[in-house]
Amino acid sequence: MSAIQTLTASVAVLLVSLLPSAPAATQDIFTTEDFRQDRTHWTDPAYYRNNTADEMREMDMAPVYGLEGTGRVGAVELASPYPYTSASEHYQAWFETAGGGTQHTRETVPDWRGRFTGGDDRMYGGPNPASSVVTMLTPQYQEYFVQDMKALAEKRSWGANAFCFPGGFTTSVRDAEEFIATPEQVWILGAGNNRNYIRWIYTDGTGHTAEDFQYPKWHGESVGFWDGDELVVHTNQIRGWKGGLTEFTDNLETVERYRRVGDTIEGEITFYDSEVFVRPVYTELAYELDTNTRPELRPLYNTCTDTNGPSTKVYMDERGVLNERLPGDPLYWDATDPRPWGTFMNTSEERYKKYLETL
Amino acid sequence: MRRLSGVGLLSVVMSAVVSGPASSHHSHSMFDHEQEVTIIGTVTAFSFRNPHGFLFVDVEEKNGETVNYWIEMAPIPRMIQRGIGIKTFQPGDVITVNMYPLSDGRPGGSYTTIVTDDGKTYE
Numbered sequence: 001m002s003a004i005q006t007l008t009a010s011v012a013v014l015l016v017s018l019l020p021s022a023p024a025a026t027q028d029i030f031t032t033e034d035f036r037q038d039r040t041h042w043t044d045p046a047y048y049r050n051n052t053a054d055e056m057r058e059m060d061m062a063p064v065y066g067l068e069g070t071g072r073v074g075a076v077e078l079a080s081p082y083p084y085t086s087a088s089e090h091y092q093a094w095f096e097t098a099g100g101g102t103q104h105t106r107e108t109v110p111d112w113r114g115r116f117t118g119g120d121d122r123m124y125g126g127p128n129p130a131s132s133v134v135t136m137l138t139p140q141y142q143e144y145f146v147q148d149m150k151a152l153a154e155k156r157s158w159g160a161n162a163f164c165f166p167g168g169f170t171t172s173v174r175d176a177e178e179f180i181a182t183p184e185q186v187w188i189l190g191a192g193n194n195r196n197y198i199r200w201i202y203t204d205g206t207g208h209t210a211e212d213f214q215y216p217k218w219h220g221e222s223v224g225f226w227d228g229d230e231l232v233v234h235t236n237q238i239r240g241w242k243g244g245l246t247e248f249t250d251n252l253e254t255v256e257r258y259r260r261v262g263d264t265i266e267g268e269i270t271f272y273d274s275e276v277f278v279r280p281v282y283t284e285l286a287y288e289l290d291t292n293t294r295p296e297l298r299p300l301y302n303t304c305t306d307t308n309g310p311s312t313k314v315y316m317d318e319r320g321v322l323n324e325r326l327p328g329d330p331l332y333w334d335a336t337d338p339r340p341w342g343t344f345m346n347t348s349e350e351r352y353k354k355y356l357e358t359l
Numbered sequence: 360m361r362r363l364s365g366v367g368l369l370s371v372v373m374s375a376v377v378s379g380p381a382s383s384h385h386s387h388s389m390f391d392h393e394q395e396v397t398i399i400g401t402v403t404a405f406s407f408r409n410p411h412g413f414l415f416v417d418v419e420e421k422n423g424e425t426v427n428y429w430i431e432m433a434p435i436p437r438m439i440q441r442g443i444g445i446k447t448f449q450p451g452d453v454i455t456v457n458m459y460p461l462s463d464g465r466p467g468g469s470y471t472t473i474v475t476d477d478g479k480t481y482e
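Line order of the protein sequences matches chains A and B.
FYI, the numbering for the first sequence is 1 to 359, going by our numbering.
FYI, the numbering for the second sequence is 360 to 482, going by our numbering.
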């Protein structure tokens with residue numbers, strides 16, 4: 001090799017070393033035509049160009065399509081550090097450790113007044129690359145998650161708020177703003193720009209609804225106890241929805257723990273849903289006191305339909321009276337569909353493929 | 360597909376885009392975030408509502424036709440934090456709007472800045 005060739009090769013090596021690391025797969029989530037054929041690459045960070053799940057969710061705003069992300073493997077541990085295999089076991093263990101809990105009075109119940117902001121992004125995967133979420137999921141839910149990532153990579157996102165759906169349980173946890181504590185109950189409230197949240201946590205010892213009357217609820221049913229100044233919560237009867245790491249079923253149960261430290265409500269939540277997760281998922285939470293207490297920024301009641309419009313299912317018919325659409329009618333909304341985002345993405349995939357053929 | 364060069368520049372651009380918890384917005388895919396356009400026109404209506412405010416602006420196009428543009432604004436709390444109140448934009452006001460246009464070509468977009476006739480900029 002001549003001196004010039006050596007110099008050229010050295011410059012080339014230097015330039016390559018300065019570039020972001022090349023993807024391990026020859027194609028990735030942005031370029032693949034059939035993500036289902038790439039299963040062996042789903043746990044490779046390079047398959048998502050090192051994007052975190054949140055960066056994928058924001059890809060429709062990225063100034064450059066397919067931008068390299070900031071995900072770091074191992075940035076946050078997603079698996080629960082606890083040895084428990086069910087929420088009931090977890091909650092009961094903490095209840096026994098707390099000696100049956102602390103019975104507060106109006107004078108001793110912790111003061112958690114104020115409006116808080118925060119929650120935690122780690123509930124949605126945090127700074128780990130999207131591949132780290134895949135490692136926590138059962139095979140079927142891996143496919144659902146990667147289908148979601150592929151849709152996001154092509155800007156075909158589904159959002160509950162787009163269709164004026166509730167945000168569901170995980171959103172009610174993440175977007176909690178006010179924690180109103182009395183000896184018998186704790187209320188957790190939140191006000192988003194298109195919905196409001198409320199959770200009732202019964203700390204009066206009455207426990208959960210009898211099994212015969214249990215059913216899935218948007219924010220579940222929560223019972224709890226005080227362990228000194230810390231609140232422990234068990235939530236069941238959660239309606240399966242999309243949120244958190246990916247999505248969850250009606251089987252989801254959670255255990256939370258909260259305490260106030262200065263101007264912060266610190267917390268943690270462990271998710272138990274064995275149909276979705278290969279092991280329980282854990283994240284820490286932190287809500288900071290909002291000192292921006294201007295009256296014009298007080299919480300308010302909001303409804304998404306104010307600007308997105310009412311349901312298409314109920315309409316005025318040709319006779320001028322209210323009527324409802326039935327299965328088979330155009331614009332019929334199927335309330336029994338447990339995964340409307342899945343239905344959306346399956347239809348979106350087909351339409352997008354046809355759209356690409358027209359280009 | 361356009362590509363940027365240099366890891367440092369990529370990091371800066373990405374950090375400017377990702378600014379908080381995801382899943383709070385319906386979707387941004389209806390807007391073309393790879394370009395910004397500017398329109399100058401007259402306010403016809405301002406809807407100060409949640410989840411999003413909307414501004415309607417009459418713009419005289421190059422062919423002399425007047426087209427009403429639909430501009431998506433922020434949620435109420437964010438507008439207030441940026442100094443925008445229900446009376447900030449009145450019918451008849453002449454404004455300059457910088458926006459990410461609708462990607463399907465219809466007249467409208469998601470605003471980035473609005474400049475009023477007296478020179479005040481709202482972000």
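Positions of the beta carbon are idealized from the N, C-alpha and C atoms, including for glycine.
Alpha-carbon spacing of A24 of chain A relative to T32 of chain A, whole angstroms = The pLDDT assigned to A24 of chain A is 49, lower than 50, so where the model puts this residue is not dependable, and the model offers no usable value.
According to the neighbour-count rule (16 or more other Cβ atoms, all chains shown, within 10 Å of its Cβ), is S80 of chain A buried or exposed?
-> buried
Apart from the five residues on each side of it in sequence, which residues of its chain come closer than 6 Å, Cβ to Cβ, to V255 of chain A?
-> A87, H90, Y91, H234 and T270
Rounded Cβ spacing between W218 of chain A and F169 of chain A (contact assumed at less than 8 Å) = 7 Å
Return yes when the Cβ of E230 of chain A is within less than 7 Å of the Cβ of R257 of chain A, no when it is not.
-> yes
Whole-angstrom distance between Q394 of chain B and D273 of chain A, CA atom to CA atom = 43 Å
Starting from the Cα of R106 of chain A, find the closest Cα among A:E55, A:I180 and A:P129 and give me that residue.
-> A:I180
Inspect the CB distances between the stretch 275–283 of chain A and the stretch 132–143 of chain A and report whether three or more fall short of 8 Å.
-> yes
Which runs of the alpha helix (DSSP H) fall wholly inside the stretch 373–453 of chain B and span at least 4 residues, in chain order?
-> 435–440
Per DSSP, which residues does A233 of chain A bridge with? Please list them.
-> Looking at the sequence shown, residue 233 of chain A is not Ala but Val. Its beta-bridge partners are A:G224 and A:E256.
Please state if the CB of M123 of chain A and the CB of T283 of chain A are separated by a distance shorter than 7 Å.
-> yes
Neighbourhood of T102 of chain A by C-beta, 7 Å cutoff - its chain only, sequence neighbours within 5 removed | W226, D227 and G228
Per DSSP, what kind of secondary structure is Y144 of chain A in: helix, strand or coil?
-> helix
Proximal residues to T117 of chain A (C-beta, below 7 Å), its chain only, five neighbours per side dropped | E177, Y287, E288 and D290
Is the shortest distance between the beta-carbon of P436 of chain B and the beta-carbons of chain A less than 7 Å?
-> yes
For V366 of chain A, three-class secondary structure by DSSP = Lying before the first or after the last residue shown, residue 366 of chain A is absent from chain A, which here runs from 1 to 359.
Alpha helix (DSSP H) segment containing F169 of chain A, residue limits | F169 to R174
Using a Cβ cut-off of 7 Å, which residues of the stretch 417–429 of chain B contact any Cβ in chain A, in chain order?
-> none
Could you tell me the distance, in whole angstroms, from the CA atom of G400 of chain B to the CA atom of A62 of chain A?
-> 28 Å
Which residues, in chain order, does the stretch 385–406 of chain B contribute to contact with chain A at a C-beta distance below 9 Å?
-> H385, S386, H387, S388, M389, F390, H392, E393 and S406
From G464 of chain B to F448 of chain B, what distance separates their C-alpha atoms?
-> 25 Å
Consult DSSP for S469 of chain B and reduce its assignment to one of helix, strand or coil.
-> strand
Hey, quick one: how far does the alpha helix (DSSP H) through A130 of chain A stretch, first residue to last?
-> A130 to V134
How many Å lie between V261 of chain A and K242 of chain A at the Cα?
-> 31 Å
Kindly indicate which three-state DSSP category Q92 of chain A falls into: helix, strand or coil?
-> helix
Compare the C-beta of R408 of chain B with all C-beta atoms of chain A and state if any pair is closer than 7 Å.
-> yes
Per DSSP, the bridge partner or partners of M458 of chain B = B:V396 and B:Y470
Is the CB-CB distance between Y481 of chain B and I430 of chain B below 7 Å?
-> no
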